[in-house]
């Protein structure tokens, strides 16, 4: 078989390691589907970029919405647009979804990041997003309220994708919440056969935070060491997930270096990779082989263990749920997501006034 790049080869040789596209853009999805992707993710920044890149497609629709939704705010119109994009682009993944009986082929849409403290609002919007198409997956921030929302959403038959998640503590809290939701369904005789919960660990943003933190504290760390922190975190979370047999699967995100792809190849998990990194990795010469069981080099772990924030990231009891929002990566990423959402609303506003 002639492979269309290294990611395509990995998708064929290691089908248990799902490759996703971190975009709902038409061009990006078409590119990925030709190379074996089985899922896709989005967030407010991604949706905003898709609209800007596909303005020839969406500008007319935005103008129509402004006329049709006479009493609507820019936020109302923004969300209707997000819903339309999600419903439309999920169709591209529907054949994968149907072929895998709901376990693959989903498109993740994110609830309003501003709701991260409000369980009920997140659940309400999760229900709405889930109704858009049979193969939707709902991204919910892994705050304390978000973890509670994930249990309730799971109980309501929604396949969740935990986001704004960087640590083993968050990953375990998410998996336990999903198990509670599934058990509630089982107790009522509800079907769980097509449930496909996912917990993202934004391993690149874990690296980002530790780099920022060590710069702030003045701690001297070899640069290479900080390229491995996210890999260490997801390998530890994976070990725990497998030991305990959680239903939820892990998803790596926010690629910053090649380790974020190659060092978790072979694992029973998913990787969402943006379009730029898809193309970079497809053209690389890194050997495609199973490295999931490989340990992070001891010399790097010894250095990482000198960083206090790494312990919060790596240890199962590194943080309590109420502390998740205080983690630097959470604060930085949520702020970025909300800013991206505000930019999208600003774009809509430009067509209203």
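Residue numbers (the working numbering): -14 to 338.
Glycine included, every Cβ here is placed at the ideal spot set by N, Cα and C.
For clarity, every value in this text was computed on a predicted model and none was experimentally measured.
In this chain, the beta strand (DSSP E) harbouring residue 255 covers 255 to 258.
Within the same chain, 134, 137, 138 come within 7 Å of residue 108 by CB-CB distance, once the 5 residues on both sides are set aside. Taking the Cα positions, residue 87 is about 45 Å away from residue 201. Per the Cβ contact rule, the region 75 to 84 is not in contact with the region 27 to 34 (fewer than 3 Cβ pairs under 8 Å). In terms of CA proximity to residue 338, 58 leads the group 120, -11, 285, 58.
Judged by beta-carbon spacing, residue 110 lies beyond the 9 Å limit of residue 144, meaning their Cβ atoms are not closer than that value.
Leaving aside the five residues that flank residue 128 on each side, the residues in its chain whose CB is nearer than 6 Å to its CB run, in chain order, 101, 309, 310. In this structure, residue 217 keeps its C-beta atom at 9 Å or more from the C-beta atom of residue 157. Across the structure, residue 210 and residue 93 are spaced so that their CA atoms are roughly 32 Å apart.
Taken in chain order, the whole beta strand (DSSP E) runs of length 3 or more contained in the region 97 to 169 are 121 to 126, 145 to 148. By the neighbour-count criterion, in which 16 or more other beta carbons inside 10 Å mark a residue as buried, residue 153 falls on the buried side.
Around the beta-carbon of residue 180, 16 or more other beta-carbon atoms lie within 10 Å, marking it buried. Cβ neighbours of residue 47 within its own chain (closer than 6 Å, five residues either side excluded): 336.
In chain order, 154 place their CB closer than 8 Å to the CB of residue 302, counting only its own chain and leaving out the 5 sequence neighbours on each side.
By the 16-neighbour rule on beta-carbons within 10 angstroms, residue 23 is buried. Look at the region 40 to 70 and you find these whole runs of alpha helix (DSSP H), each 4 residues long or longer: 40 to 53. By the neighbour-count criterion, in which 16 or more other beta carbons inside 10 Å mark a residue as buried, residue 320 falls on the exposed side. For residue 105, the closest alpha carbon among the candidates 141, 323, -8, 40 is that of 141. Straight-line measurement puts the Cα of residue 42 at about 14 Å from the Cα of residue 50.
Remark: fewer than three beta-carbon pairs, one from each stretch, lie closer than 8 Å, so the region 289 to 300 and the region 242 to 249 are not flagged as touching.
For residue 233, the three-state secondary structure derived from DSSP is coil. The Cβ atoms of residue 98 and residue 183 do not sit closer than 9 Å to each other. For residue 287, the number of other beta carbons within 10 angstroms of its own is below 16, and it is reported as exposed.
C-alpha of residue 273 to C-alpha of residue 262: approximately 16 Å in a straight line.
If you look at residue 91, you'll find it in the beta strand (DSSP E) that goes 91 to 95. About 5 Å separates the CB atoms of residue -7 and residue 21; that is less than 8 Å, so the two are in contact. Within the DSSP secondary-structure output, residue 4 pairs in a beta bridge with 256. When the Cα atoms are used, residue 237 and residue 227 turn out to be separated by approximately 16 Å.
The Cβ atoms of residue 215 and residue 199 do not sit closer than 9 Å to each other.
Under the DSSP assignment, residue 320 falls in the alpha helix (DSSP H) whose first and last residues are 313 to 337. Taking C-beta separations shorter than 6 Å and ignoring five residues to either side along the sequence, the partners of residue 118 in its chain run 72, 75, following chain order.
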